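Chemist: To convert, count from 1 in the sequence shown and add 1; that's our numbering. The structure's right below; bear with me while I get my questions together.
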Amino acid sequence: MNKELRELFDQNHIVTKKITLKNSVRIIDSGSEQFVIKRRDKSLNELYKYLKSRSFDYFPEILYQTNHYDVYRYIEDVDISKEERAEDIIKLVTLLHGKTTFYKEIDDDTYKELYENIIKQLDYLVNYYNDMAEIIEREEYMTPSHYYFIRNISKVFASLSYCRYHVDKWYDIIEKKKRIRIVNLHNNLSLDHYLMDGDKPFLISWRLSKRDIPIYDLIKLYRQYYKELDFCELLRKYEMHYPMLPEEKILFFVLISIPERLDFRDSEYQMCKKVQRFYDYLSANEKLIEDYLPKEKKSVET
């Protein structure tokens, strides 16, 4: 322990009996209690102050500070299922979004750039996958990964068509808006960033927090756990307490449905796994849209 921390602990009569490294943070055991030491982030002070002013205090309290470190009380993780943990996170996120909602004036260019960037990305992917298909189809003997990819390529173009059609619908709505709904995003949601202390839940790791439209918290969570969790049910629970606006819902499904750029630079074994993950993700998106938006047509005109 360096001099700065040692002086802090001496001033507060905290005995250091054991120091443990866990997930890039230091845990100090005094025998009677434990503390977590993290590099100081001055922006967190203002963030926590703001969240408390909005009656949201579901984050670990900073007990002590030095010029370079923040010290928290260590919170032991709880042993609950992924499904329970995810539902608890969604409850906290709806509370966070509800407590920090405000409406921001926008001008004509505020979302024009986002729209144009999405269109540019979609056009690039259409050309990229058309070229990829032509190259693979000319092969006399396809590798297993190429065969798997080309056999299911209709899913790629269906996703791209879906995104192109609906991003236009989103822009038609947002173009007429004078104000948009903004919230304080956690912006780093993960099952690992949820803790329970007695009966009180906490979200940790707030360093990426920012203000933006609410769907970005949901997108981050979905992209991590689309295979493990029932997101149809999680979205319903979210909307029970904090309904998405029509333009937010459209943009959410567009952004999660944009296919990644799949390259074929790895070994054949790795490529087979990559292609499978690629199509697993597209299939999960398609199922979520069909289950959550039953009236939404997956096949649309390009």
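Note that beta-carbon positions come from the ideal geometry of N, C-alpha and C, so glycine has one too. Since we're looking at a predicted model, the values are computed, not measured.
Is the distance from the Cβ of Leu161 to the Cβ of Val127 below 8 Å?
Modeler: Yes.
Chemist: For Arg55, which residues from the same chain have a beta carbon less than 6 Å from its beta carbon, with the 5 sequence-adjacent residues on both sides left out?
Modeler: The answer, listed in chain order, is Lys100 and Thr101.
Chemist: Unbroken beta strand (DSSP E) runs of length 3 or more, entirely within the region 39-101: which are they?
Modeler: Complete beta strand (DSSP E) runs here, min 3: 63-66 and 70-74.
Chemist: With three or more C-beta pairs closer than 8 Å as the rule, is the region 208-216 touching the region 120-137?
Modeler: The region 120-137, when compared against the region 208-216, does not touch it at the 8 Å Cβ threshold.
Chemist: Distance check for Phe158 and Arg262, CA to CA, integer angstroms please.
Modeler: Approximately 13 Å, taken between the alpha carbons.
Chemist: Measure the C-alpha to C-alpha separation of Asp71 and Leu9 and round it to an integer number of angstroms.
Modeler: Distance between the alpha carbons of Asp71 and Leu9 is about 11 Å.
Chemist: Anyone know if the C-beta pair for Val94 and His167 falls short of 8 Å?
Modeler: No, these two residues do not count as a Cβ contact at 8 Å.
Chemist: For a test of the three-state rule: what should DSSP assign to Asp108, helix, strand or coil?
Modeler: It is coil, neither helix nor strand.
Chemist: Counting only runs of 3+ residues fully inside the region 160-246, write out the beta strand (DSSP E) ranges in chain order.
Modeler: Fully enclosed beta strand (DSSP E) runs of 3 or longer: 180-186, 195-198, 201-204 and 211-213.
Chemist: What distance in whole Å lies between the Cβ atoms of Ile137 and Phe150, which are believed to be in contact at a cut-off of 8 Å?
Modeler: 7 Å between Cβ atoms; contact.
Chemist: If you compare alpha carbons, which of Asp198, Lys211 and His194 is closest to Leu204?
Modeler: Nearest option by C-alpha distance: His194.
Chemist: Please classify Arg165: is it buried, with 16 or more other beta-carbons within 10 angstroms of its beta-carbon, or exposed?
Modeler: With 16 or more other Cβ atoms within 10 Å, it is buried.
Chemist: Is the beta carbon of Tyr112 sitting closer than 8 Å to the one on Ile175?
Modeler: A contact, by the Cβ cut-off of 8 Å.
Chemist: Under 8 Å, with one C-beta from each stretch per pair, do the region 43-52 and the region 19-35 reach the 3-pair mark?
Modeler: In short, these stretches do not touch, since the Cβ pair count stays below three.
Chemist: On the CB-based measure, 16 or more other CB atoms within 10 Å of its CB, does Val26 come out buried or exposed?
Modeler: The residue is exposed, with fewer than 16 neighbouring Cβ atoms inside 10 Å.
Chemist: Can you name the residues that DSSP bridges to Asp30?
Modeler: According to DSSP, which records beta bridges pairwise, Asp30 is partnered with Lys19 and Gln35.
Chemist: Count the CB pairs spanning the region 230-240 and the region 81-89 that are closer than 8 Å, and state whether there are at least three.
Modeler: Because the criterion of three Cβ pairs below 8 Å is met, the region 230-240 and the region 81-89 touch.
Chemist: Just the C-alpha distance for Glu62 and Arg74, rounded to the nearest angstrom, thanks.
Modeler: In a straight line, the C-alpha of Glu62 is about 8 Å away from that of Arg74.
Chemist: Quick one: grab the DSSP three-state call for Lys288.
Modeler: Lys288 falls in the helix class under three-state DSSP.
Chemist: Determine the direct distance from the alpha carbon of Val255 to that of Glu117, and round the result to whole angstroms.
Modeler: If I take the Cα positions, the gap works out to 14 Å.
Chemist: Starting from the C-beta of Gln277, find all residues in its chain whose C-beta is less than 8 Å away, skip the five residues before and the five after it, and write them out in chain order.
Modeler: Result list for Gln277: Tyr149, in chain order.
Chemist: Per DSSP, what kind of secondary structure is Phe279 in: helix, strand or coil?
Modeler: Helix, per DSSP.
Chemist: DSSP state of Phe253, grouped into three classes?
Modeler: It is helical.
Chemist: Quick test of your reading: Tyr293 and Arg182, contact by CB under 8 Å. State the CB separation rounded to the nearest angstrom.
Modeler: With a Cβ gap of about 20 Å, Tyr293 and Arg182 do not count as contacting.
Chemist: Leaving aside the five residues before and after Gly199 along the sequence, list all residues of the same chain whose C-beta is less than 7 Å from its C-beta, in chain order.
Modeler: Cβ within range, chain order: n/a, list empty.
Chemist: Are there 16 or more other CB atoms within 10 angstroms of the CB of Phe286, so buried, or fewer, so exposed?
Modeler: The question names Phe, yet the displayed sequence has Asn at residue 286. Buried is the call here.
Chemist: Quick one: residues in its chain with C-beta nearer than 6 Å to the C-beta of Ile38, no 5 flanking neighbours on either side, listed in chain order?
Modeler: Cβ neighbours of Ile38 beyond the five flanking positions: Arg27, Tyr70 and Val72.
Chemist: The alpha helix (DSSP H) that contains Ser146, what's its start and end?
Modeler: First-last of the alpha helix (DSSP H) with Ser146: Pro145 to Arg152.
Chemist: Where do the N-terminal and C-terminal ends of the alpha helix (DSSP H) with Tyr142 fall, by residue?
Modeler: Where Tyr142 is concerned, there is no enclosing alpha helix (DSSP H), given that its DSSP letter is neither H nor E.
Chemist: Between Arg208 and Asp42, which are expected to be in contact by the criterion C-beta below 8 Å, what is the C-beta distance as a whole number of angstroms?
Modeler: Yes, Arg208 and Asp42 are in contact; Cβ-Cβ is about 6 Å, under 8 Å.
Chemist: Mind checking whether Glu258 and Tyr172 have CB atoms under 8 Å apart?
Modeler: Sequence check: residue 258 is Ser here, not Glu. Taking 8 Å as the Cβ cut-off, Ser258 and Tyr172 do not qualify as a contacting pair.
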